[in-house]
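In the working numbering, the protein residues as written are 110 to 277.
Backbone N, C-alpha and C fix where the C-beta goes; we use that ideal spot for every residue, glycine too.
Quick caveat: nothing in here was measured; it's all calculated off a predicted structure.
Contents: one structure, followed by commentary.
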Amino acid sequence: MIDAINVLLAKEGIPAPARGGMMVHTEQIPQASGVAARVAAFGVAEGWICYTGGVEVLPAGTKVVIPPGSYIVSAELAAGQRSLHVRQQGRGWLVAEYTRTDEDSGIIVAETLRNRGSVTACDGNQVGVPGGLKYETFWQLAGNSAGDAAAYRPHMSRFAGFQAKGGK
Numbered sequence: 110m111i112d113a114i115n116v117l118l119a120k121e122g123i124p125a126p127a128r129g130g131m132m133v134h135t136e137q138i139p140q141a142s143g144v145a146a147r148v149a150a151f152g153v154a155e156g157w158i159c160y161t162g163g164v165e166v167l168p169a170g171t172k173v174v175i176p177p178g179s180y181i182v183s184a185e186l187a188a189g190q191r192s193l194h195v196r197q198q199g200r201g202w203l204v205a206e207y208t209r210t211d212e213d214s215g216i217i218v219a220e221t222l223r224n225r226g227s228v229t230a231c232d233g234n235q236v237g238v239p240g241g242l243k244y245e246t247f248w249q250l251a252g253n254s255a256g257d258a259a260a261y262r263p264h265m266s267r268f269a270g271f272q273a274k275g276g277k
């Protein structure tokens, strides 16, 4: 059965699922300065940061530097097996750091959201983005209790970087 699924995925250009796991650590940060420090501490990454004044796209290998006085609205950064997602929540921010693991607790499905060279930023402007946004979704076995059939269900997803134009 899995071979048939992999054939269908290959026809659509989607990589075969891989065994693996994913961990997440979340924290609430109440101040803009704390969010800026947390994002900068992520280090060298690729991704995007949405400020009140626009969106910054960070190519792979960029050292994350937050300009003084900047106000982060949201962000997604990736560095290898780690990702950092930032979202405003209430009067503060929810920061989630995802780590892909070799633990054999589920499957990881990778997919790329294609774009036409740019996306509409939170300020309404068009921002150039490489060939696509790569995401990984961790599927975990669920169910298996009395009367419940065991099945894999999506549990969490992480930004995994940009896909270069042309496919890699």
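Problem - Sufficient close CB pairs (3 or more, under 8 angstroms) joining the segment 208–217 to the segment 124–132 - result: yes
Exercise for the section: Going by DSSP, name the residue or residues bridged to Ser183. Expected result: Indexing the sequence shown from 1 puts residue 183 at position 74. Beta-bridge pairing links Ser183 to Cys159, Arg196.
Exercise for the section: Report, in whole angstroms, the separation of the C-beta atoms of Arg262 and Gln249, which I expect to be a contact under 8 angstroms. Expected result: Residue mapping note: residue 262 aligns to position 153 of the sequence shown, counting from 1. Residue mapping note: residue 249 aligns to position 140 of the sequence shown, counting from 1. That belief holds up - the Cβ atoms of Arg262 and Gln249 are roughly 7 angstroms apart, short of 8 angstroms.
Practice task
Can you say whether Leu167 is buried or exposed, counting buried as having 16 or more other CB atoms within 10 angstroms of its CB?
Solution key: Numbered from its first residue, the sequence shown carries residue 167 at position 58. Under this definition Leu167 is a buried residue.
Practice task
Can you have a look at Thr161 and say buried or exposed, based on whether 16 or more other CB atoms are within 10 angstroms of its CB?
Solution key: Start at 1 with the first residue of the sequence shown, and residue 161 comes out as number 52. Exposed.
Problem - DSSP three-state assignment for Ala119, whether helix, strand or coil - result: Here residue 119 refers to the residue found at position 10 of the sequence shown. Correct three-state label for Ala119: helix.
Practice task
Please list, in chain order, all residues of the same chain as Glu245 whose beta carbon is under 6 angstroms from its beta carbon, the five residues on each side excluded.
Solution key: Walking along the sequence shown from the start, residue 245 turns up at place 136. So the qualifying residues of the chain are Ile217, Ala219, Arg267, Ala269.
Handout entry: Inter-residue Cα distance where the pair is Ala260 and Ile114
Key = If you number the sequence shown from 1, residue 260 lands on position 151. If you number the sequence shown from 1, residue 114 lands on position 5. Rounded to the nearest angstrom, the two C-alpha atoms are 15 angstroms apart.
Practice task
In the DSSP assignment, find the unbroken beta strand (DSSP E) run with Gly130 in it and report its ends.
Solution key: Here residue 130 refers to the residue found at position 21 when the sequence shown is read from its first residue. Element bounds for Gly130: 127–138.
Handout entry: Exposure label - Leu222; buried when at least 16 CB within 10 Å
Key = Position 113 of the sequence shown holds residue 222. Exposed, by the Cβ-count rule.
Problem - Beta-carbon proximity list for Ala188, same chain, < 8 angstroms, skipping 5 on both sides - result: Stepping through the sequence shown from its first residue, residue 188 is reached at position 79. Closer than 8 angstroms at Cβ, skipping near neighbours: Phe151, Gly152, Val153, Ala154, Glu155.
Exercise for the section: Could you tell me whether the Cβ atoms of Arg147 and Val204 are closer together than 8 angstroms? Expected result: Translated into the one-based positions of the sequence shown, residue 147 becomes position 38. Translated into the one-based positions of the sequence shown, residue 204 becomes position 95. Yes, the Cβ-Cβ distance between Arg147 and Val204 is below 8 angstroms.
Handout entry: Residue nearest to Met82 in terms of C-alpha spacing, selected from Ser192, Ala141, Gly199
Key = Past the edges of the chain, shown from 110 to 277, lies residue 82, and the structure says nothing about it.
Problem - Selection from Gln137, Trp202, Tyr207, Ala169 that minimises the alpha carbon distance to Gln272 - result: Your numbering for residue 272 matches position 163 in the sequence shown. Selected option, being the one with the closest Cα: Ala169.
Exercise for the section: Taking 8 angstroms as the cut-off, decide whether the C-beta atoms of Leu118 and Ala125 are in contact. Expected result: The residue labelled residue 118 in the question sits at position 9 within the sequence shown. The residue labelled residue 125 in the question sits at position 16 within the sequence shown. Result yes, Cβ atoms of Leu118 and Ala125 sit closer than 8 angstroms.
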